[in-house]
Each structure stands twice: as structure tokens, then as C-alpha cells.
Amino acid sequence: MPQSFDLFFASSNNHKFKEAKKILEEFSINLGFFRCNLEEIQSDSLKEIAKYKATQAFEKLRKPVIVEDDGLFIDSLNGFPGPYSSYVFKTIGNKGILNLLKQKRKASFVSIISYHDKNSQKSFDSKSIGTISKKIIGKGWGYDPIFIPSNYKKTFAQLKNKNEVSHRFKALKKFASWYFDS
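Every letter in the sequence shown is one number past the one before it in this note's numbering, and letter 129, counting from 1, is 485.
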């Protein structure tokens, strides 16, 4: 018998799905994975990118779906890479980011969860404020090995409780709260 899911997480990124699934299980939401490649529009707005992806995913799947888009915003680089974080990571990686920084290392990680079903579309955002480390520390994916959240001395990659403090956790928690209230 096929498994029944409350909703689906649309992405080509298995890491994001596993993290979202683990977080949403704490809220008793059974999340399925809709592996797909979604067109990413070029926009300075993470919210617009996430909404566009959620619309595409819903049109393909025709079931309630969420997508997550996030970006690393570095203050001394005027918010770069921001919504272009995925492209920047693929091209210059964490070493490239570290090479761009001199002294000022304040940054924030922003996550947008966009939900779409046959009746509505809604977005939820959250931010983790922190700094960029001086070197790559820990084994993790994306920018986790260089982002140190405020009030911590370790990178996201080193934190065992990352899923309890991350920008993605906070945005998913907002979504879960709304999901049960609606």
C-alpha cells in the first residue's frame, strides 16, 4: 500500500528534504519528497523565487507542496550572495566566500518556505544572524561549514542541534503552526 503524505517537499536537493522532514516530524507532519528540477527565476527576492517554485511544483504534482529557498546575506558585501547563494556556492564555494572577506564578517541566513495547494499560497520566512568563520570548519553541506550563528562559537556544520536553531527550522516552525491552525 502506498504511503500517504500530508504534503510534499519539492526540490532536487535531498539534504534540504531530509532536514525539513526531520524538523516537520516533530510537528507530526508526514512529509513526502517530490524530487524535481524547478526553474529558478532571477530575482533579488527570495520570496518571489520560492513562490514561483511552489507554483511550478504544485502545477506538476497537483498536491499540497512546500518549497524552501534560502540565501546567505553578508553585510560587508552588501548582502551578496543573497538570492544567488546557490550559484555562488557552485562557482566559488566556501573558499571563494572566505577569500572575499577581510575584517567585517557579520552575515545572516534567510529561509523562505512557500506553501501551495489548490486554494492558497502562503510564505513563511525566518533569519539566523551570525558571522562568517575565517576558515571552513566541520563537515556539512552548503554554507554550514562557514556560518557561525550568534551566541554560538561553532559553525552550523559543527552544531548537533542545528535543526533546533537554524533559519530553516524557524521558518518551518512558522509554517507548521499555520498549517495546524488553518
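Every residue gets a Cβ at the ideal spot worked out from N, C-alpha and C, and that includes glycine.
Just the C-alpha distance for residue i and residue j, rounded to the nearest angstrom, thanks.
| i | j | result |
| --- | --- | --- |
| residue 435 | residue 398 | 16 Å |
| residue 482 | residue 359 | 31 Å |
| residue 476 | residue 410 | 11 Å |
| residue 479 | residue 425 | 11 Å |
| residue 535 | residue 376 | 15 Å |
| residue 372 | residue 521 | 15 Å |
| residue 433 | residue 464 | 12 Å |
| residue 379 | residue 523 | 12 Å |
| residue 369 | residue 442 | 11 Å |
| residue 449 | residue 473 | 35 Å |
Going by C-alpha to C-alpha distance, which of the options sits closest to residue i?
| i | options | result |
| --- | --- | --- |
| residue 469 | 532, 493, 498 | 532 |
| residue 529 | 362, 464, 385 | 385 |
| residue 466 | 501, 526, 449 | 526 |
| residue 489 | 461, 474, 507, 506 | 461 |
| residue 403 | 454, 438, 367, 446 | 438 |
| residue 516 | 506, 496, 502 | 496 |
On the three-state DSSP scale, how would you describe residue i?
| i | result |
| --- | --- |
| residue 526 | helix |
| residue 469 | strand |
| residue 532 | helix |
| residue 537 | helix |
| residue 373 | helix |
| residue 380 | helix |
| residue 402 | helix |
| residue 518 | helix |
| residue 482 | strand |
| residue 498 | coil |
May I ask whether a heavy atom of the ligand NAP can be found less than 7 Å away from the beta carbon of residue i?
| i | result |
| --- | --- |
| residue 494 | Here there are no bound small molecules, and the ligand NAP is not part of this structure. |
Identify the residues that DSSP records as bridge partners of residue i: which are they?
| i | result |
| --- | --- |
| residue 487 | 462, 504 |
| residue 477 | 472 |
| residue 361 | In the DSSP output, where bridge partners are listed per residue, residue 361 has none listed. |
Which full runs of the beta strand (DSSP E) of 3+ residues lie inside the region 404–463, going along the chain? 421–430
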